[in-house]
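Reading through the structure tokens given below for one structure.
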Amino acid sequence: MLRDDLRTLWTEPRPPDAPARVRRDWALLAAGLAGVALEATLREDVVWRPAAVVFAVWLCLLPLWRRTRPLAMVTLAFGSVILLQVASLLAAPREPVGLDIGAVVLVLVYALPRWGSGREIVLGGAVILAAFAVCVVAYGTPAAERVGGFVFLLLPGLIGAAVRFWGTARERQLEQVRSREREQLARELHDTVAHHVSAMVIHAQAGRVLAGADPSAAVEALEGVEEEGARTLEEMRAMVAALRDRGVGAELAPPAGVADLERLVRTPGGHLKVDLDLDGELDSLPPALDAAVFRIVQESVTNARRHAVSATEVVVRVAAERHAVRVSVRDNGQRTGRGRDGYGLAGLRERAALLGGALRAGPGADQGWHVEAELPRARSESRGHSRPRR
Numbered sequence: 001m002l003r004d005d006l007r008t009l010w011t012e013p014r015p016p017d018a019p020a021r022v023r024r025d026w027a028l029l030a031a032g033l034a035g036v037a038l039e040a041t042l043r044e045d046v047v048w049r050p051a052a053v054v055f056a057v058w059l060c061l062l063p064l065w066r067r068t069r070p071l072a073m074v075t076l077a078f079g080s081v082i083l084l085q086v087a088s089l090l091a092a093p094r095e096p097v098g099l100d101i102g103a104v105v106l107v108l109v110y111a112l113p114r115w116g117s118g119r120e121i122v123l124g125g126a127v128i129l130a131a132f133a134v135c136v137v138a139y140g141t142p143a144a145e146r147v148g149g150f151v152f153l154l155l156p157g158l159i160g161a162a163v164r165f166w167g168t169a170r171e172r173q174l175e176q177v178r179s180r181e182r183e184q185l186a187r188e189l190h191d192t193v194a195h196h197v198s199a200m201v202i203h204a205q206a207g208r209v210l211a212g213a214d215p216s217a218a219v220e221a222l223e224g225v226e227e228e229g230a231r232t233l234e235e236m237r238a239m240v241a242a243l244r245d246r247g248v249g250a251e252l253a254p255p256a257g258v259a260d261l262e263r264l265v266r267t268p269g270g271h272l273k274v275d276l277d278l279d280g281e282l283d284s285l286p287p288a289l290d291a292a293v294f295r296i297v298q299e300s301v302t303n304a305r306r307h308a309v310s311a312t313e314v315v316v317r318v319a320a321e322r323h324a325v326r327v328s329v330r331d332n333g334q335r336t337g338r339g340r341d342g343y344g345l346a347g348l349r350e351r352a353a354l355l356g357g358a359l360r361a362g363p364g365a366d367q368g369w370h371v372e373a374e375l376p377r378a379r380s381e382s383r384g385h386s387r388p389r390r
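Counting from 1, one number per residue, gives the positions in the sequence shown under this note's numbering.
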């Protein structure tokens with residue numbers, strides 16, 4: 001069991017999409033260099049002052065690459081610590097060599113388990129422990145101070161590992177949400193195709209029956225088959241290209257759509273008044289788009305009822321335009337400034353993206369929480385379902 005755990009740790013890859021540098025990296029560098037200048041100027045008991053200053057500046061520069069080169073930075077930093085301590089042992093100075101600002105290396109201890117691969121974590125941890133052992137030998141610290149120093153050195157690494165685990169768990173949950181959205185879209189695609197194909201079969205059967213007695217009626221039946229086939233292809237193009245290989249569930253109940261919004265907003269038990277406004281031709285939307293509009297309104301109204309602070313009203317607007325459908329849900333609660341979306345909004349963004357649209361959510365300019373979505377119609381919708389001419 002232990003051997004399997006170690007093998008799993010050793011083969012663990014790096015977290016994806018590690019940022020090279022962000023603004024706080026430069027702020028950390030500026031604070032470190034300012035600390036070096038102040039400590040070197042104000043402290044009178046600095047041993048080997050020029051070497052200590054150069055060494056401290058070196059340690060302040062290394063965190064700039066801590067995410068993209070975690071093992072290299074830990075090796076350079078703690079390897080330098082080992083060399084400096086060995087030099088101090090040979091020269092036997094009266095006091096420890098170096099500046100207190102050198103504690104910036106704790107940032108590297110945090111970054112190693114946060115951004116490194118399993119192999120880098122193991123090798124980097126060995127370098128850190130070696131540097132700690134050399135420091136203990138060099139200064140002969142008491143046992144209590146050794147334990148305290150070890151805990152102080154280990155704590156940033158534990159925090160980094162915890163943050164990495166939390167981020168991985170959240171990403172896994174988000175992926176599950178996206179997977180459920182794809183599976184639901186796959187079921188809706190199944191229903192859409194089944195509906196249109198059934199209509200095509202009926203038209204074809206009617207055309208075969210009427211072919212001998214009424215050729216013009218048979219031609220109309222074939223035109224109906226062609227139109228239904230075109231609609232089916234449009235629906236499939238809207239979703240299949242973005243769907244991954246997922247199993248299609250056996251659930252065949254028709255999904256809720258715009259026609260169900262009145263029932264949704266009239267659901268008893270809510271403390272908010274919901275003002276619903278439907279504008280434009282919304283009766284003949286493609287099934288996937290129809291279901292997406294309902295899901296966006298449903299999730300947004302539910303979130304407002306649960307989380308809107310001091311809100312009394314939610315305004316829902318659904319407008320059908322020539323090429324797109326726009327959905328807006330706004331509440332008049334206090335502006336909370338929530339920085340992280342829930343899993344429901346993540347799923348809605350995934351659904352909107354799969355349909356070729358976009359969804360934005362965030363605090364309003366004055367008050368409340370706003371959700372805005374723009375979903376394109378199928379190309380056949382923009383042509384008004386016109387029957388092909390012959």
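In this text, a Cβ means the ideal position worked out from N, Cα and C, and glycines have one as well.
query: Would you check if the distance between the CB atom of Phe294 and the CB atom of Gly333 is smaller than 8 Å?; result: no
query: How about the region 139–154 and the region 31–45: do they share at least three Cβ pairs that are nearer than 8 Å?; result: no
query: Leaving out five residues on either side along the sequence, give the residues of the same chain with a beta carbon under 7 Å from the beta carbon of Arg119.; result: Trp10
query: According to DSSP, what are the bridge partners of Ser328?; result: Arg317 and Glu372
query: Alpha carbon to alpha carbon, what distance is there between Ala161 and Asp260?; result: 47 Å
query: Would you kindly report the start and end of the unbroken alpha helix (DSSP H) that includes Val265?; result: Leu261 to Val265
query: When the Cα atoms are used, what is the spatial distance from Val86 to Pro15?; result: 35 Å
query: Using the three-state DSSP reduction, which class does Ala361 fall into: helix, strand or coil?; result: strand
query: Would you report the Cα separation of Ala27 and Arg21, rounded to the nearest angstrom?; result: 11 Å
query: For Pro50, count neighbouring Cβ atoms within 10 angstroms of its own Cβ and tell me buried if that reaches 16, exposed if not.; result: exposed
query: If the criterion is Cβ atoms closer than 8 Å, does the pair Ile121 and Leu129 meet it?; result: no
query: Measuring CB to CB, does Ala373 end up less than 8 Å from Gly357?; result: yes
query: Secondary structure at Asp25, three-state DSSP: helix, strand or coil?; result: helix
query: Do the CB positions of Phe55 and Leu29 come within less than 8 Å of each other?; result: no
query: What number of angstroms, rounded off, separates the C-alpha of Asp366 from the C-alpha of Arg305?; result: 19 Å
query: Could you tell me whether the Cβ atoms of Ala204 and Val225 are closer together than 8 Å?; result: yes
query: In three-state terms, what does DSSP make of Asp275?; result: strand
query: Among His307, Arg322, Arg266 and Leu354, which one has its Cα closest to the Cα of Leu282?; result: Arg322
query: For Leu276 versus Val265, is the C-beta distance shorter than 8 Å?; result: yes
query: Compare the C-alpha of Arg66 against each of Val81, Glu39, Gly79 and Leu106 and name the closest.; result: Leu106
query: For Gln173 and Gly167, I'd like the C-alpha separation in whole angstroms.; result: 10 Å
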